[in-house]
């Protein structure tokens, strides 16, 4: 039996055309076969071999399709994922997983019942800066980390137009869109917090969805991890800053893969994919073997291709799944708690911390 995994892509908007199709087609063994586009055939211009269909039902009914990739607005994730699983397909769904953790749990149970792979596109685990942080912590170069701060800011103070991400439906707003990535990264690096304190707001005039968050994860060890995003930051904060018993690490800039994908580059053909310029390497000030060390740490090259390669290998029984659906559900649970914390004006305990630690 062939190990080739045939892929059907639902949606060829920004997410589908920029973050998924170029990456899928860069993985040997993944074959982009059909794309659902309601009114156009743009995918066929770049990938002439694909078949463009108008309705997702045509993917579900095609026995040749092994994997369905859902890149619709998050407000529709639940319905598309459920139908794909019921049709006997493996599923990758864009983040955020679903607007509610209850919906996420239902889909996880359905995937188990169907015996199918379900995973969420937490591609920011494959950013070079995150990979570098993970290695710094693995080697304990900062000692015991006591404080960390992750930022995803920008300067966009005036509402110009409204897309689905900025509407008022469940699962919209910057906390679901960007905050879910930072939550996922923080939990992978430091584990599930004991409590969470959220400040989630709508700051811009005429905005309908939250466009600001300042969320702190609190750990029994005393560690505090602050996650923050604002549309009013013209002078950038560090993307990541970590401070521990041996020293500090501060990193500016953002992984270059997104900009390269937006520019139309293909991971399989671009030179030095995911490599970050030296001027953006993070600065470290620490102690190593009793010596005081100051300098820069070369950023590990990021690779979104590794996400899809892992999915393919897991479907073929050759690797453990990197992004488990339970982990993606946990991120939604933390979002729900942070939103409640913001409403209540107080930190809230994380009641599922002990159970989540065994994922």
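Residue numbers (this note's numbering): 63 to 421. Ideal Cβ placement from N, Cα and C applies to all residues, glycine included.
Drop a sphere of 10 angstroms on the beta-carbon of residue i, count the other beta-carbons inside from all chains shown, and report buried for 16 or more, exposed for fewer.
{"i": "residue 306", "result": "buried"}
{"i": "residue 334", "result": "exposed"}
{"i": "residue 447", "result": "There is no way to answer for residue 447, as the model of the chain reaches only from 63 to 421."}
{"i": "residue 105", "result": "buried"}
{"i": "residue 403", "result": "buried"}
{"i": "residue 296", "result": "exposed"}
{"i": "residue 377", "result": "buried"}
{"i": "residue 110", "result": "exposed"}
{"i": "residue 220", "result": "exposed"}
{"i": "residue 185", "result": "buried"}
{"i": "residue 420", "result": "Low confidence applies here, because residue 420 scores a pLDDT of 39, under 50, leaving its location unreliable and the question unanswered by this model."}
{"i": "residue 139", "result": "buried"}
{"i": "residue 101", "result": "exposed"}
{"i": "residue 63", "result": "Low confidence applies here, because residue 63 scores a pLDDT of 47, under 50, leaving its location unreliable; read the following figure in that light. Exposed."}
{"i": "residue 127", "result": "buried"}
{"i": "residue 373", "result": "buried"}
{"i": "residue 354", "result": "exposed"}
{"i": "residue 177", "result": "exposed"}
{"i": "residue 119", "result": "exposed"}
{"i": "residue 246", "result": "buried"}
{"i": "residue 70", "result": "buried"}
{"i": "residue 65", "result": "exposed"}
{"i": "residue 341", "result": "exposed"}
{"i": "residue 390", "result": "buried"}
Out of the options, which one is the CA nearest neighbour of residue i?
{"i": "residue 408", "options": "380, 394, 276 and 391", "result": "276"}
{"i": "residue 358", "options": "314, 247 and 120", "result": "314"}
{"i": "residue 228", "options": "135, 403 and 172", "result": "135"}
{"i": "residue 282", "options": "402, 258, 128 and 169", "result": "258"}
{"i": "residue 72", "options": "353, 116 and 233", "result": "116"}
{"i": "residue 223", "options": "269, 67 and 201", "result": "269"}
{"i": "residue 410", "options": "380, 310, 280 and 373", "result": "280"}
{"i": "residue 265", "options": "278, 217 and 301", "result": "217"}
{"i": "residue 149", "options": "166, 167, 164 and 175", "result": "175"}
{"i": "residue 201", "options": "141, 380, 351 and 233", "result": "351"}
{"i": "residue 52", "options": "165, 249 and 267", "result": "Because the chain here runs from 63 to 421, residue 52 falls outside it and cannot be looked at."}
{"i": "residue 302", "options": "375, 230, 248 and 167", "result": "248"}
Check the C-beta distance from residue i over to residue j and give it rounded, since I have them as a contact under 8 angstroms.
{"i": "residue 130", "j": "residue 82", "result": "Not quite, the Cβ-Cβ distance comes to about 12 angstroms (not below 8 angstroms), so this is no contact."}
{"i": "residue 199", "j": "residue 251", "result": "6 angstroms"}
{"i": "residue 212", "j": "residue 366", "result": "Rounded, the Cβ-Cβ distance is 19 angstroms, inconsistent with contact."}
{"i": "residue 226", "j": "residue 331", "result": "So it is not a contact: roughly 32 angstroms between Cβ atoms."}
{"i": "residue 205", "j": "residue 308", "result": "3 angstroms"}
{"i": "residue 329", "j": "residue 84", "result": "6 angstroms"}
{"i": "residue 171", "j": "residue 362", "result": "Not really, about 36 angstroms apart at Cβ, beyond 8 angstroms."}
{"i": "residue 80", "j": "residue 323", "result": "5 angstroms"}
Considering only the beta carbon of each residue, do residue i and residue j sit closer than 7 angstroms?
{"i": "residue 289", "j": "residue 210", "result": "no"}
{"i": "residue 347", "j": "residue 356", "result": "yes"}
{"i": "residue 97", "j": "residue 74", "result": "yes"}
{"i": "residue 237", "j": "residue 272", "result": "yes"}
{"i": "residue 92", "j": "residue 112", "result": "no"}
{"i": "residue 292", "j": "residue 368", "result": "no"}
{"i": "residue 121", "j": "residue 143", "result": "no"}
{"i": "residue 173", "j": "residue 203", "result": "no"}
{"i": "residue 86", "j": "residue 370", "result": "yes"}
{"i": "residue 401", "j": "residue 207", "result": "no"}
{"i": "residue 114", "j": "residue 103", "result": "yes"}
{"i": "residue 364", "j": "residue 190", "result": "yes"}
{"i": "residue 107", "j": "residue 133", "result": "no"}
{"i": "residue 260", "j": "residue 311", "result": "no"}
Would residue i pass as an interface residue toward chain D - the criterion being a Cβ-Cβ separation below 7 angstroms?
{"i": "residue 325", "result": "Although the question refers to chain D, the structure presented lacks it and comprises just one protein chain."}
Report yes or no: do three or more beta-carbon pairs, one from the stretch 390–408 and one from the stretch 159–169, lie closer than 8 angstroms? yes
Examine the Cβ distances between the stretch 310–323 and the stretch 336–353 and report whether three or more of them are shorter than 8 angstroms. Touching, yes.
Counting pairs of beta carbons, one from the stretch 232–249 and one from the stretch 397–404, are three or more of them closer than 8 angstroms? yes
Using 8 angstroms as the Cβ pair cut-off and three pairs as the minimum, do the stretch 377–388 and the stretch 166–181 touch? yes
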